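Next comes the structure, spelled out in C-alpha cells:
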C-alpha cells in the first residue's frame, strides 16, 4: 500500500477531512491512478501515522478520511543525525538514501578540511533540495513515519555549535579502528534512552583532519571505531545506523519480551 | 601502508624469501613505484598476515622478506556468506564491495524467481570474475586479511544444497519486518561461536517468492526481519553484516574486557 509523508496535521485528524494537493494529488491521481475507496498510509512527521481512505478526487485536490492509526512504529527510538564530510561524486545521495532506510533523523553535510568536494553558495541550496527529495522518497519507500531533515552545509565551527544540542556525540575515527578500539560505541549505545539524540560525525574520503578531531575532543566528545576494518566514507554511516537499530530495536526489544 | 592479498604461502614464510610477480609486480613497481627497503602488508587468505619488506626488484618479480606478524585480526570471528537474489543494474557490485568492507566471507549470486536480471551461461563467468576482482580490491582497501569468495550463480535447488553446509541459515524476509518480528536475528547471533558459518539469504527487488521461502522453511531454516523498516535489496546485506560485527566484535569483545 502506498505511503505518503504529508504536511503537519491538526489534532482532530481522526475526525476531520484531510485534503492533499500538488505533488500528492499528482502522484495519487496521475501516477498511481487511485480512486475513491482506495487506501493509503499517511504520516506527518510528528509521529502520527495511519491508514486513510480516499473519499473524493477533484481537479487539484484529493480528499481522504482517517481509518485507523498504524499500530507500530518504524522509527528508531533515538534520533540519529549523520554529519558527513562532503564525499565525492554521488556518495552523499547514497548516504542520504540508505541512511534514511536505516532510520536516520537528519543529515548534516560537513565542509571538512580534507573534502575534495566544495559546495559553493549558489550550489548549496540546490543540492540540499535534491537530497531532501531523496530523503522523502526513501522514507516513504522504507515505510518510515518521518522524513529525515537535510541541513544546509556546516563548517567545523557550525558543526561544533550544533553538536552541543545533542544528548551524545560520536566521531567515527579510522585510527581508532587501526588501534583496535572496540568498546566506546557499545558503551554509548547501551546507555542511550528512548528520545535521546546522537550526532555521529564521519570524515570525507581523506579522513578527518587532526585539528578537526582535536576540536571535537576538546569539546568533550569521544571518537570511536566501527569494528576493526576500514570502511569507506559511504559505508561507515550505514554501519553506525545498523548498530543503533540492532542495539535499540532488536536487542532491547528482545529484552522487553524475554 | 599498502596491502596485498597474495597466493597461499608455505609454512616457512617467516624465514624464506617471498617472490611476487604479475599484477603484484606491476602494482608495486609501476603504480606505487616502490623501492627496496619499503614495507607492505601481505595476507594469504589462510589467516597469515604480516609486515614484509622489499628486498629486491627485477623486471618481472619482487622479492620480499617477513618482518613481523600483524598482531590483530580484521576478520569477523564467524564466516558470513551473503546470498543475494540477482538485483538490477550494478547493485551486486555495490553489495560485494561494501559487503567485503563489512567482513563477508563469501557471496552467492542467486537466480531468484522474482529477479528481473538473468545471468546467461556465457555471461556468468565474466560477471563472477569482475565481482571477484571487486572483492579483492575492497578486501585490500579495508585492511582485511582474507579475500571473500564469489561463487558462481546458484539456482534455488543449488542454494538449498549449499545451505546444508552452514552452522546456521537465515532468510531476510520483508513480511517479517511488517509483522514486527524482532528477536530471531539477536537469538541466532548471540548463539554463534567463533568459527561458525552463517548463510544469509536476501531476495531481489521483488522479494523472495512464497515457494522459495517455503522451501527454506521446509528445510528447517528460519526467516527474520532486519528491524521494522523495509530495506532495499542492496542495503539489507549491509545491515546484517553490521549487526554481526556489532554483536561479535564489539559487544562480545567488550564482554571479554569488561
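Residue numbers (UniProt numbering), protein chains in the order written: chain H, 1 to 258; chain F, 1 to 258.
The C-beta atom is built at its ideal place from N, Cα and C for all residues, glycine as well.
Note that the structure is predicted; figures quoted are calculated from it, not measured.
Residues of the stretch 227 to 239 of chain H that bring their beta carbon within less than 7 angstroms of a beta carbon in chain F comprise 227, 228, 229, 230, 231, 232, 235, 238, 239, in sequence order. Taking the Cα positions, residue 195/H is about 14 angstroms away from residue 245/H. Taking the Cβ atoms as the reference, residue 99/F lies roughly 5 angstroms from residue 82/F, within the contact range of under 8 angstroms.
At a cut-off of 8 angstroms between beta carbons, residue 246/F contacts chain H. Exclusion of the five residues before and after residue 241/H leaves 80, 99, 102, 103, 104 as the residues of its chain whose Cβ lies within less than 7 angstroms of its Cβ.
The beta carbon of residue 91/H lies closer than 7 angstroms to those of 233, 234 in the same chain, with the five residues before and after it left out. The beta carbon of residue 89/H sits no closer than 8 angstroms to any beta carbon of chain F. By the beta-carbon neighbour count (other beta carbons within 10 angstroms, threshold 16), residue 1/F is exposed. Within the model, the alpha-carbon separation for residue 188/F versus residue 72/F is close to 26 angstroms. Against chain H, a Cβ distance below 8 angstroms from residue 250/F picks out 182, 183, 185, 186, 227, 243. Of 147/H, 16/H, 216/H, 203/H, the smallest CA-CA separation from residue 67/H is found for 16/H. Taken in chain order, the whole alpha helix (DSSP H) runs of length 4 or more contained in the stretch 76 to 144 of chain H are 91 to 101, 121 to 141.
In this structure, residue 149/H lies away from residue 111/H, with their beta-carbon atoms at least 8 angstroms apart. Going by beta carbons, residue 225/H and residue 177/H fall inside the 8 angstroms limit.
For residue 4/F, the uninterrupted beta strand (DSSP E) segment begins and ends at 3 to 5.
Counting along the chain, no alpha helix (DSSP H) covers residue 49/H; the unbroken beta strand (DSSP E) around it starts and ends at 49 to 57.
Spatial neighbours of residue 74/F in its own chain (CB-CB distance under 7 angstroms, excluding positions within 5 residues in sequence) are listed in chain order as 143, 144, 145. Per the coordinates, the alpha-carbon of residue 36/F lies some 21 angstroms from the alpha-carbon of residue 9/F.
The DSSP-derived three-state label of residue 156/H is helix. Contact check for residue 114/F against residue 209/F passes: the beta carbons are separated by less than 8 angstroms.
For the stretch 47 to 65 of chain H, the beta-carbon criterion of a distance under 7 angstroms to any beta-carbon of chain F is satisfied by none of its residues.
Distances from the CA of residue 248/H to each of 212/F, 31/F, 182/F were compared; the closest alpha carbon is that of 182/F. As DSSP reads the structure, residue 240/H sits in no beta bridge. In the DSSP assignment, residue 186/H falls within the alpha helix (DSSP H) that extends over 184 to 191. Per DSSP, residue 218/F is one residue of the alpha helix (DSSP H) stretching across 210 to 218. Shown here, residue 44/F sits in coil according to DSSP, grouped into three states, outside any helix or strand. Distances from the alpha-carbon of residue 64/H to those of 252/H, 38/H, 166/H put 38/H closest. Across the set 3/H, 231/H, 203/H, the C-alpha of 203/H shows the shortest separation from the C-alpha of residue 159/H. Counting of Cβ neighbours within 10 angstroms places residue 129/H among the exposed residues, the total staying below 16.
Taking C-beta separations shorter than 7 angstroms and ignoring five residues to either side along the sequence, the partners of residue 46/H in its chain run 8, following chain order.
When rounded, the separation of the alpha-carbon atoms in residue 213/H and residue 44/H is 37 angstroms.
Considering only 179/H, 215/H, 167/H, 172/H, the residue with the shortest C-alpha distance to residue 193/H is 167/H. Straight-line measurement puts the Cα of residue 118/F at about 13 angstroms from the Cα of residue 205/F.
Per the coordinates, the alpha-carbon of residue 180/H lies some 13 angstroms from the alpha-carbon of residue 172/H. Close CB contacts of residue 55/H within its chain, under the 8 angstroms cut and outside five residues either way in sequence, are with 17, 36, 63, 64, 65 (chain order). Beyond the five residues adjoining it in sequence on each side, residue 136/H comes within less than 8 angstroms, by CB distance, of 5, 147 in the same chain, given in chain order.
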